[in-house]
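Here is the structure we will look at, set down as structure tokens.
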Amino acid sequence: MRVQNNEERQAEMKSETNASPSRFLVINPGSTSTKAAIYRGSSQWELEEEAQASLDHNGNISSMEPIDQLEPRLQAVERFLEEHDSSGLRAVAGRGGLTRPLEAGSYGINDGMIRDLSSARYGNHASNLGALMARRIAEQRKIPSLIADPVGVDQFEPPARYSGWPGLERKCQLHALNMRSVAREAARDMGGVMEDFNFIIAHLGGGISIGPMTGGRIIDVNNAMDGGPFSPQRCGTLPLTGLIDICFSGEYRSAGELKKALTRTGGLNAYLGTDDAREVIRRIKDGDENAQSVYRAMAYQISKEIGAMAAVLKGRVDAIILTGGLPRPPLSDWIAEHCSWIAGIRIYPGEMELLALARAAARHVFDGEVLLDY
């Protein structure tokens, strides 16, 4: 089933588009900041970023439960809009959070989605706030709100779901928006479309997702919240018996407290007391051998995961794509030492999530792309 999108509404939107500049607001909430941007253009391939800001939040806000951060973050985005020209705003796109398993695509934000994200039904993360903020702002202006390629995108092949324990199925949670966006860019750079190639895509940021793409589908991936390599904030896959011992040690008073520790204060944070990769690199340059050992171990685990995904593709890999905030020396060099024999490595530093959201909004407004129903 798809969201209703009748011809009259499309004609109205196109008429409005011709009458005034078309702008799109995109919102990407992360664990410590909210990224917001305004794009202007006449097609998804002709978008100009007019304004962007990383709206930092003080420690008191960032330490709150995500749902309790909604109002302060929303106020920050509203101030951003007041400071920049938002006339002709046609749609608001928010980063999709931890939803139920979904096919890739763009989804209209409806009551069911709001309920799932507000209650953290499928996981608790700041990205859940993207749809909530987008809808609030869009409703005030009577324009569409949407998400695109949310974390819950699930294109697993059947073997990828087995965990080794009946009833405990592997779940697909990944940085789908950025991974699919850089796959499109890499494919264009290679003279084709992403459906033409076999890629291994590694999103390396506060969380890490590494997945094999074939035919435009990411058919396996480590769970970015609780598996794979350790990351700046997350523990990744842990030794099972040791984790069981911790669960019954009395050190943590609840499952929620332990989950919070594993996903927010693990990884680099646990080993080095910081989740800032720039600080770790500075320490390495200053001769900190422990910082180098830990950072190199993270590169080692990332490389192992890339190798595992090469096996999923039976060794037929056209390129390894590194993206996110971390792929820079020395980390990218260490990964290349381990993995360059598999395929050429293409680095797309940073994140294309804001542009990807803007393009999704533009496809809906200019091309009449129907939003999928959640």
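For the sequence shown, the tail end lands on 374 under UniProt numbering, and the numbers increase by one without skipping.
From the three backbone atoms N, C-alpha and C, an ideal C-beta is built for every residue, glycine too.
Since we're looking at a predicted model, the values are computed, not measured.
Same chain only: Cβ atoms within 7 Å of residue i, ignoring 5 sequence neighbours per side
i           : result
residue 195 : 215 and 216
residue 390 : Look at the range of the chain in this structure, 1 to 374, and you will see that residue 390 is not part of it.
residue 102 : 150, 152, 153 and 154
residue 237 : 227 and 228
residue 165 : none
6 Å Cβ shell around residue i - same chain, five flanking residues per side excluded
i           : result
residue 150 : 96 and 99
residue 181 : 352 and 356
residue 207 : 224, 231 and 234
residue 50  : 38 and 40
residue 295 : 280
residue 374 : 107, 110, 112 and 113
residue 256 : none
residue 10  : At residue 10 the pLDDT is 49, less than 50, meaning the model places this residue with poor confidence; the figure from the coordinates comes in the next sentence. For residue 10, where only same-chain residues beyond five positions count, the Cβ hits under 6 Å are 368.
With 16 other Cβ atoms within 10 Å as the buried cut-off, status of residue i
i           : result
residue 127 : buried
residue 290 : exposed
residue 293 : exposed
residue 305 : buried
residue 247 : exposed
residue 2   : For residue 2, the predicted model reports a pLDDT of 47, less than 50, meaning its position is unreliable and no value from the coordinates is stated.
residue 314 : exposed
residue 39  : buried
residue 115 : exposed
residue 384 : With the chain covering only 1 through 374, there is no way to say anything about residue 384.
residue 375 : Residue 375 cannot be examined here, being either before or after the span of the chain that is shown, 1 to 374.
residue 245 : exposed
residue 94  : buried
residue 249 : exposed
residue 287 : exposed
residue 378 : No statement about residue 378 is possible, as the shown extent of the chain runs from 1 to 374 and does not include it.
residue 134 : buried
residue 56  : exposed
residue 275 : buried
residue 75  : exposed
residue 29  : buried
residue 268 : buried
Residues near residue i in its chain [Cβ-Cβ closer than 8 Å; skip 5 each side]
i           : result
residue 363 : 44, 106 and 369
residue 54  : 33, 34 and 35
residue 21  : 40, 87 and 88
residue 186 : 194, 197, 199, 319, 321, 346 and 348
residue 380 : Here the chain has residues from 1 to 374 only, and residue 380 is not among them.
residue 219 : 155, 156, 157, 160, 211, 212, 213 and 312
residue 84  : 38, 50 and 51
Option in the options with minimal Cα separation from residue i
i           : options               : result
residue 139 : 201, 203 and 90       : 90
residue 189 : 240, 361, 346 and 237 : 346
residue 170 : 228, 78, 92 and 318   : 228
residue 361 : 165, 109 and 76       : 109
residue 160 : 331, 222 and 243      : 222
residue 122 : 274, 85 and 173       : 173
residue 137 : 148, 338 and 78       : 78
residue 332 : 307, 252, 299 and 85  : 299
residue 31  : 129, 167 and 350      : 129
residue 278 : 334, 270, 183 and 330 : 330
residue 316 : 341, 297 and 337      : 341
Could you pull out every unbroken beta strand (DSSP E) segment of at least 3 residues lying fully inside the stretch 150-212, listed in chain order? Those beta strand (DSSP E) runs which fall completely within the stretch 150-212 and span 3+ residues are 198-204.
Taking only runs that begin and end inside the stretch 323-353, name each unbroken beta strand (DSSP E) of 3 or more residues, in chain order. When DSSP assignments are scanned along the stretch 323-353, the uninterrupted stretches of beta strand (DSSP E) that are 3 or more residues long and fall wholly within it turn out to be 345-349.
Determine contact between the stretch 197-204 and the stretch 311-329, defined as no fewer than three beta-carbon pairs at a distance below 8 Å. With three or more CB-CB distances shorter than 8 Å, the stretch 197-204 counts as touching the stretch 311-329.
Below 8 Å, can you find three or more Cβ-Cβ pairs linking the stretch 229-249 to the stretch 257-271? Contact between the stretch 229-249 and the stretch 257-271 is present: three or more C-beta pairs spanning the two stretches fall below 8 Å.
Jot down the residue ranges of each uninterrupted beta strand (DSSP E) in the stretch 99-157, minimum 3 residues, whole runs only, in chain order. Secondary structure remark: continuous beta strand (DSSP E) runs of at least 3 residues inside the stretch 99-157, in chain order: 106-108 and 145-148.
Taking one C-beta from the stretch 170-184 and one from the stretch 206-215 each time, how about it: are there three or more such pairs within less than 8 Å? At 8 Å Cβ cutoff, the stretches touch.
Curious, which full-length alpha helix (DSSP H) runs of at least 4 residues does the stretch 246-315 contain? Secondary structure within the stretch 246-315: the alpha helix (DSSP H) runs of 4 or more consecutive residues, fully enclosed, are 255-264, 267-272, 277-285 and 289-312 (chain order).
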